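K.L.:
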Amino acid sequence: MKTTTQHLFFIMALTAAKTMLTLSHGSDVITVVVSEGDNAILPCSLSNNQNIVQKLFDWKKYDKEVFLYDAGVHYNNGRDGQDELFQGRVFHFPQHLKFGNASIVIKNTKVTDSGDYTCNFPHLEPRQIFHIKLIVEPILKDRSEEMAIAVREPYTRLLGATENGVLLQCEVRDAYPKPKVEWQDSDGIVLSAEDPQVSERRGHFNVILRTTVTKTATNCFFCEVKQDDIGHVVNASIIVPEKLFEDKSCQVAHAWIGGWFLGVLSVAVFAALALFVRRVWKKGSQLEDSFSI
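Residue numbers (mature numbering (1 follows the signal peptide of the UniProt record, and there is no 0)): -26 to -1, 1 to 267.
Encoded structure:
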């Protein structure tokens, strides 16, 4: 009955924590996988369900103090020594201690929380240590402020009007890891573009991507840069003035009118030249007849 109650309480705790996780058991190692920002429950329970309310257990990540409990005294009720990276984010389950459950929950996980954790009962006979591997999978977001290697906002500019629309350019400088660059409209639809111009120097990449856009409801376009390896994404927007699309239409009309005018002018010049040659030929024939007489 006690075991059933313990399992019921722990399942309720999992639900209350609203944690999406994946557990896998290796050789004495439990792997927990969560998405960045989710809560992660790291399991640690004695197999004999021994009451540990008056015991000591210590959670560590390598040499960092994660959570220490000693007969009711712990980091969340006055005890000092917890690593600042975990302060205010790590909690245990007091109601489960009497069932030998020393599991903890790490709230609002960060990618840097990934690593190997130990749950240690140093005063038990025999001493027991549990090993848990936490993997926090990054989500795509702007990490410019938190990671030095995250590429900064790209440079966008107008290159001018063409027959097919307005030519835009996006430039990414000194990016590592190699970024993926694409143009999107205001609805997030990826636009077709020219082949990117990519140059590399010492593992850092410069990328130029151009696209030709046509008039839309907003005339707003985005250059998005992703670095999937570090879960980083950043973008820059550009608004194309309405006049540029109108200028493009005028340029096409002017080109058509100019071509038509040149065509008419060429025909007129050719006709005048033909008439001139005919008159010269006729006059030459008349002079030739006069000399013959």
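Ideal placement from N, C-alpha and C gives every residue a C-beta, glycine not left out.
Note that the structure is a prediction, hence the values are computed from the model and not measured.
Out of G139, E168, V172, V140, point me to the one whose CA is closest to A149's CA.
P.N.:
Stepping through the sequence shown from its first residue, residue 149 is reached at position 175. Cα-wise, what sits closest to A149 is V172.
K.L.:
Taking only the alpha-carbon atoms, compute the straight-line gap between Q143 and D116 and give it to the nearest angstrom.
P.N.:
On the sequence shown, position 169 is the one that residue 143 refers to. On the sequence shown, position 142 is the one that residue 116 refers to. Approximately 21 angstroms between the Cα atoms of the pair.
K.L.:
So the candidates are Q158, Y36, K189, K154; which of them puts its Cα closest to the Cα of D90?
P.N.:
Position 116 of the sequence shown, counting from 1, holds the residue named residue 90. Answer by Cα proximity: Y36.
K.L.:
Spatial neighbours of T192 within its chain, please: C-beta separation below 6 angstroms, excluding the five flanking residues on both sides.
P.N.:
Reading the sequence shown from its first residue, position 218 is the one you call residue 192. Around T192: S160.
K.L.:
What does the Cβ neighbour count give for A135, buried or exposed, with the cut at 16 atoms within 10 Å?
P.N.:
Position 161 of the sequence shown, counted from the start, is the residue given in the question as residue 135. Classification of A135: buried, given that the 10 Å Cβ count is 16 or more.
K.L.:
Using CA atoms only, rank isn't needed, just tell me which of M121, V146, E174 is closest to E127.
P.N.:
Position 153 of the sequence shown holds residue 127. That would be V146, whose Cα lies nearest to the Cα of E127.
K.L.:
Hey, which unbroken runs of the alpha helix (DSSP H) at 4 residues or more fall wholly within the region 117 to 193?
P.N.:
Qualifying alpha helix (DSSP H) stretches: none in this window.
K.L.:
In angstroms, rounded to a whole number, what distance separates the CA positions of residue 272 and I106?
P.N.:
What the structure shows of the chain is the stretch from -26 to 267, and residue 272 is not part of that stretch, so it cannot be assessed.
K.L.:
Ignore the nearest five residues each way along the sequence and tell me which others in P170's own chain have a CB closer than 8 angstroms to its CB.
P.N.:
For the purposes of this step, residue 170 is identified with residue 196 of the sequence shown, where counting begins at 1. Here the set comprises V155, V181, I182, L183.
K.L.:
Buried or exposed: D202, going by 16 or more other Cβ atoms within 10 Å of its Cβ?
P.N.:
Taking the first residue of the sequence shown as 1, we reach residue 202 at position 228. So D202 counts as exposed.
K.L.:
Go through its chain and collect everything with a Cβ distance to Q102's Cβ below 6 angstroms, but skip five positions before and after it.
P.N.:
Counting from one through the sequence shown, the residue named residue 102 turns up at place 128. Once the five neighbours on either side are set aside, the close Cβ partners of Q102 are F95.
K.L.:
Mind checking whether L132 and I4 have CB atoms under 9 angstroms apart?
P.N.:
Numbered from 1 along the sequence shown, position 158 holds the residue referred to as residue 132. Numbered from 1 along the sequence shown, position 30 holds the residue referred to as residue 4. Not closer than 9 angstroms, so no.
K.L.:
Could you tell me which residues DSSP pairs with S211 in its beta bridges?
P.N.:
Position 237 of the sequence shown, counted from the first residue, corresponds to residue 211. For S211, which the question treats as bridged, DSSP gives the partners F196.
K.L.:
So, at 7 angstroms on beta carbons, what are the nonlocal neighbours of K84 in its own chain, with the 5 sequence-adjacent residues on each side left out?
P.N.:
Stepping through the sequence shown from its first residue, residue 84 is reached at position 110. Counting only Cβ-Cβ distances below 7 angstroms, and skipping sequence neighbours, we find E10, V110.
K.L.:
What residue from S21, D12, G55, N25 has the CA that sits closest to W33's CA?
P.N.:
Within the sequence shown, the letter at position 59 stands for residue 33. Nearest C-alpha to W33: G55.
K.L.:
Measuring CB to CB, does N13 end up less than 9 angstroms from F73?
P.N.:
Working through the sequence shown from its first residue, we reach residue 13 at position 39. Working through the sequence shown from its first residue, we reach residue 73 at position 99. Contact flag unset, no.
K.L.:
Relative to the C-alpha of R175, which candidate in S166, I204, L165, P151 has its C-alpha closest?
P.N.:
Here residue 175 is taken as the residue at index 201 of the sequence shown, counted from 1. The shortest Cα separation from R175 among S166, I204, L165, P151 belongs to P151.
K.L.:
Name the two residues that bound the continuous beta strand (DSSP E) containing C93.
P.N.:
One-based indexing of the sequence shown puts residue 93 at position 119. From DSSP, the beta strand (DSSP E) with C93 extends over 89 to 95.
K.L.:
Below 8 angstroms on the Cβ atoms is my guess for F179 versus P215; work out the distance and round it to an integer in Å.
P.N.:
Looking up residue 179 in the sequence shown gives position 205. Looking up residue 215 in the sequence shown gives position 241. Their Cβ separation, rounded to whole angstroms, is 31 angstroms, which puts F179 and P215 out of contact at 8 angstroms.
K.L.:
In chain order, what residues of the same chain have a beta carbon less than 6 angstroms from the beta carbon of L71, not counting five sequence neighbours either side?
P.N.:
Residue 71 sits at position 97 when you count from the first residue of the sequence shown. If we look at L71 and ignore the five residues flanking it on each side, its Cβ neighbours are I26, V27.
K.L.:
Could you pull out every residue in the same chain whose Cβ sits closer than 8 angstroms to the Cβ of A45, ignoring the five residues on either side in sequence?
P.N.:
To locate residue 45, count along the sequence shown from 1; it is residue 71. Within the same chain, A45 has close Cβ partners V27, Q28, K29, L30.
K.L.:
Which residues does DSSP pair with N75 in a beta bridge?
P.N.:
Within the sequence shown, residue 75 is the residue found at index 101, counting from 1. For N75, which the question treats as bridged, DSSP gives the partners S19.
K.L.:
Let me know the secondary structure DSSP gives L30 once reduced to three states.
P.N.:
Position 56 of the sequence shown, counted from the first residue, corresponds to residue 30. Looking at L30 - three-state DSSP - the assignment turns out to be strand.
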